[in-house]
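The UniProt record's numbering numbers the first residue of the sequence shown as 1 and each following residue consecutively. Glycine included, C-beta positions come from ideal geometry on N, C-alpha and C.
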Amino acid sequence: MQITHHIEIHERKYNYKYQSVLCLGESYRLIYNTFKPFPCDRIIHPAIDGWIQIHDKAKKKGLDMTKIANVTARTHPHVFLLTDHPEPKTGLEGKFSVYHAAAIALLYGEATPKQFTDEAVQNKTVIALREKVHVTKDDKVSDHEAFVAVEFENGEKMEVHVENCIGSYKNPLDAEYLQKKFVDHVSTQIGEKRAKKALEAFVGIANSTDVGRIAQAFEE
């Protein structure tokens, strides 16, 4: 039988059509919907969370993030299904590459839109590090969990177990993080100054008597 849509691939393997009607009217998934911390496939967020934590700890110790010998992660099996792309060529492909995610999280300590551009994906330092990333899957690891580790060239080793990653139902983003994310994203389109004005306008929308003034608040 010919496959006419990409969803059919997953449907045949996981029977998603049947799963979608289980507990219909009893379980409401909307209450578990959360804001994403990173602009990439959600399945790699736990690993990114862990690698950023390692970056922060390493920087406090004065370690050079370009002197990494090996990077590992033990993750949920869907990481391989959705993000097993070791050689992304574009920013979009980078969003579905656990290897690129590891490299940018460790090198920059963040995963924002600027780390998922064509330029970032093609950066030689990023490419060199993602070649050192090794990922394994484990059925016992949940989709909001990851075990990550980094070994430096000087022999120093760091490990982090992320049980509930940032942005998950049990570890949601706080207001400060959401505001920073808004400015980071919107700045790429209208500049940081206007983005901050936009944030101020939207934060006060509940007390506004004229929604039309919001657009005027952050005009150039």
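Could you compute how far the alpha carbon of S208 sits from the alpha carbon of K59? For this step, residue 208 is matched to residue 208 along the sequence shown. For this step, residue 59 is matched to residue 59 along the sequence shown. Between S208 and K59, the alpha-carbon positions lie close to 44 angstroms from each other.
If you drop the 5 nearest sequence neighbours on each side, which residues of the same chain put their C-beta closer than 6 angstroms to that of F80? As a working note, residue 80 is residue 80 in the sequence shown. Same-chain partners within the cutoff: K137.
Of the listed residues A201, F202, A105 and E192, nearest to M65 (C-alpha basis): Along the sequence shown, one-based indexing puts residue 65 at 65. It is A105.
To the nearest angstrom, how far is it from the Cα of A69 to the Cα of E151? For the purposes of this step, residue 69 is taken as the residue at position 69 of the sequence shown. For the purposes of this step, residue 151 is taken as the residue at position 151 of the sequence shown. Inter-residue distance for A69 and E151 is about 6 angstroms (C-alpha atoms, whole angstroms).
Inspect the beta-carbon positions of T34 and G167 and report whether they are closer than 9 angstroms. Taking the sequence shown and counting its residues from 1, the one referred to as residue 34 is at position 34. Taking the sequence shown and counting its residues from 1, the one referred to as residue 167 is at position 167. In this structure, the beta-carbon distance from T34 to G167 falls below 9 angstroms.
Spatial neighbours of Y108 in its chain, beta-carbon cut-off 8 angstroms, leaving aside the 5 residues before and after: To locate residue 108, count along the sequence shown from 1; it is residue 108. The residues H55 and Q115, in chain order, have a CB closer than 8 angstroms to that of Y108 in the same chain once the five nearest residues on each side in sequence are set aside.
Beta bridge counterpart(s) of S130 as assigned by DSSP: For the purposes of this step, residue 130 is taken as residue 130 along the sequence shown, with counting starting at 1. The question names Ser, but residue 130 in the sequence shown is Arg. Beta-bridge pairing links R130 to no other residue.
With DSSP collapsed to three states, give me the class of A146. Here residue 146 refers to the residue found at position 146 when the sequence shown is read from its first residue. Three-state result, A146: strand.
Check for me: the beta strand (DSSP E) holding V160 runs from which residue to which? Start at 1 with the first residue of the sequence shown, and residue 160 comes out as number 160. Unbroken beta strand (DSSP E) run through V160: K157 to V162.
If I measure Cβ to Cβ from I214 and keep anything under 6 angstroms in the same chain, skipping five residues before and after, which residues do I get? As a working mapping, residue 214 is identified with position 214 in the sequence shown. Apart from sequence neighbours up to five positions away, the residues of its chain that approach I214 with a beta-carbon distance below 6 angstroms are A201, ordered along the chain.
Which partner residues of V135 appear in the DSSP bridge assignment? Here residue 135 is taken as the residue at index 135 of the sequence shown, counted from 1. In DSSP, V135 forms a bridge with A73.
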